[in-house]
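Numbering (numbering that gives the first Met the number 0), first residue to last: 0 to 587. Every residue gets a Cβ at the ideal spot worked out from N, C-alpha and C, and that includes glycine. Only a predicted model underlies this, so the values are computations on that prediction, with no experimental measurement involved.
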Amino acid sequence: MTNQFSAIPDPIQDSFDTGPLSWVIGEIRDSLARSKNAIFEGVNADDEGKSTLLAHAKSYLHQAHGALQIVDVDGVAIITETVEDILERIKAGSLPFSQVNAEAIARGYSAVVEYLEELLAGSQPQPVRLFPYYRGLLEVRGAERIHPADLFFPNLAIRPHLPPNPAPATKVDYTNLRLRFEKALLPFLKNGEKEKATPLVDVIAMVERSQDNSQSHAFWWVMAGFAETVAAGQVPSEQFVKQLFGRINLQIRRLAEGSTSISERLLRDALFFIARASDPTPRAKQIRSVYQLDGLVPKDYERPRYGQIDLAALQLAKDHLNQAKTVWSRIADDDANMWPAFEQEMQILADASTKLNAPSLPKLLRELNGIARHCANGLASIAASVAGTMCASWKAPRPRCTMPQARRARSYGAGTRAGCSRWPQNFEAAKTRFSFNPETGLYRANPLERSATPSAIHVDVAPLEGSTSTTVAPTLSTNVPHEEAVLTVEEELVLHEQQSKDLAASVAANPEDLNLQAQLKESLQQVRKDAALLDNAEAKGRAQAAIDKLESPDFVASQEASRCAAALGRAAPRPDQDLRGCCSWTGY
């Protein structure tokens, strides 16, 4: 079954509000610059100096975090959080306080600042562009998963409602389907030829057709689109692609075991590869249209884009450009005495531009300076001529206003009124973003809370079969049947880690109870299984380490279980806590 779509209606489109960012960009820039300086100073300092400067670097980074809480920019916080983790590891001694690590952090800082400035200038949010710098930081940390999809944020609040599958005549044998999938997977893993992915497409399509829940149906619809994209050769058979097929195998195993939970990280990773496709298949086009993926993954996302220029020189150039514009305005008002100041600003601007990795820019600025002087020589005479003409027109009988002139005047007035009408809105928005403390006499920035469970946007997907139109556009659904939400693997991981923590505490309190130890081991194995599907190496490693302790002949329940409970307590988020990289699929 294939469907074809036009663009999704405007209400689904997200827009980036640059207002909050414009208020805090200066603080973010300054805090990260100070943090960077402290890090580089600490590289060559003695042990005591290293400790002090490292604390300063972390403090300045926290200030940047505070400013970033004011805005809602996907991807940026992941970079700064990774740097914070690196600084913690340096403090603990597990990472060296070296020049190489300092340079990786500095590149991450520069990328964050330049990316935010691009957003302020009106660029489309594309956090995947930060991947080269994120990868460098993860390499410093020694992370197992280094995946660009961690910086990919599709709108998972969109809920595709596909045409329902007909009820199968017999019960679906997921165990047999998984055996078929594993048999087809091995040849693909060996050589990665796109033709070897075709049998995988067939099995996933059969799984998709067996789903009677719209949430599960949409999930496997995306998995089928990913598999078709690989089979069509639109995505190279790289390691990440092979790993993703391996995780799909784990997802089918859950079906065979009777579990209906689905992995949102797996969904997001699959959408990432669909968004990368150069010539998407018909199904991939549907998915890209529904989830609004076009433009989210630039083709050159692996090429370093930021850090190619001197940020200090860029800021100096911006400052003097603004000053030159101010001086020019005074010259345009017939203040010839400002010419020396204008030439001085243009000269400083030209000198600063030599460090901006644009060889032709200094020459252009100098030529603009000459052109400006040439143009300004006639400003006085032009102004006198204009003034004379205006005086003559005022004295002359006024002709009746023509309709084009009236329309232009009305349009100008409407634009002015529209601009003025937004001022109260901006003031009201500022009230929610800042609060005044009368005791200290200071304003405090209030973080903007992102909803942990965004409102679902239900989209009806109509089949193309039987339609006389060449395209069938998705429409916002107004009649959504109630369905029980399918639990996500992310939610199960939180629950299982919490369960393991509680059991570990019980084992510590009752070290002779072998039944409790068996329950703890079973719970930890479930954590390990969840983490494997989510490609969460840290959670998987914690669970495996705890299992190894349980199976060790030297296991001392009262001591080891207490440490296990403490480790799981630090790792497991609260059930109501928003999971980074996961949007809860409620609302079905």
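Check: 8 Å Cβ cutoff met for Thr20 and Leu118; Outcome: Reading off the sequence shown, one finds Leu at residue 20, where the question assumed Thr. It is a contact, given that the beta carbons lie within the stated cut-off.
Check: Candidates His319, Asp501 and Val289: closest to Asp350 by CA position; Outcome: His319
Check: Secondary structure of Thr487, DSSP reduced to three states; Outcome: strand
Check: Assumed close pair Gly191, Ala283 - CB separation to whole angstroms, cut-off 8 Å; Outcome: Contact doesn't hold; Cβ gap of about 19 Å is too wide.
Check: Glu521 to Ser499 span [Cα, whole Å]; Outcome: 9 Å
Check: Own chain residues within Cβ distance below 7 Å of Arg28, not counting five before or after; Outcome: Val112
Check: From Gly25, Phe96 and Gly65, residue whose alpha carbon lies closest to that of Ala37; Outcome: Phe96
Check: Residues bridged to Pro159 [DSSP beta-bridge criterion]; Outcome: Val458
Check: Segment contact flag, the stretch 127 to 147 with the stretch 65 to 73, C-beta cutoff 8 Å, min 3 pairs; Outcome: no
Check: Unbroken alpha helix (DSSP H) run spanning Arg208, endpoints; Outcome: Thr197 to Arg208
Check: Val458 versus Val289 - alpha carbon distance; Outcome: 8 Å
Check: Which of helix, strand or coil DSSP assigns to Ile261; Outcome: strand
Check: Within 8 Å, strictly: CB atoms of Ile456 and Arg158; Outcome: yes
Check: Heavy atom of the ligand NAD within 7 Å of Arg106 beta-carbon; Outcome: The ligand NAD is not part of the structure shown, which contains no ligands of any sort.
Check: Straight-line gap, Ala255 to Gln210 (C-alpha atoms, nearest Å); Outcome: 13 Å
Check: Inter-residue CB distance, Ile546 and Leu523 (contact presumed, cutoff 8 Å); Outcome: 5 Å
Check: Under the three-state DSSP convention, the category Ser97 falls into; Outcome: coil
Check: Beta carbon of Leu292 nearer than 8 Å to that of Ile261; Outcome: no
Check: Pick from Ala335, Ala536 and Asn164 that is closest to Ser213, judged by C-alpha positions; Outcome: Asn164
Check: Ala148 to Glu181 span [Cα, whole Å]; Outcome: 25 Å
Check: Where Gln543 falls: helix, strand or coil (DSSP); Outcome: helix
Check: Beta-carbon proximity list for Val82, same chain, < 7 Å, skipping 5 on both sides; Outcome: Leu60, Ile104, Gly107 and Leu136
Check: Selected residue, minimal CA-CA separation from Trp220, among Gln238, Pro167, Leu161 and Ala183; Outcome: Leu161
Check: Where Val171 falls: helix, strand or coil (DSSP); Outcome: coil
Check: Residues of its chain near Ala204, where Cβ-Cβ distance is below 7 Å and the 5 sequence neighbours each way are ignored; Outcome: Ala223
Check: Nearest neighbour of Lys528, chosen from Gln543, Ala517 and Gln516 [CA to CA]; Outcome: Gln543
Check: Extent of the continuous alpha helix (DSSP H) to which Glu47 belongs; Outcome: Asp46 to Leu67
Check: Alpha carbon of Arg134 to alpha carbon of Ala56, nearest angstrom; Outcome: 21 Å
Check: Glu237 versus Tyr305: straight-line alpha-carbon distance, rounded; Outcome: 26 Å
Check: Helix, strand or coil at Thr17 [DSSP, three-state]; Outcome: coil
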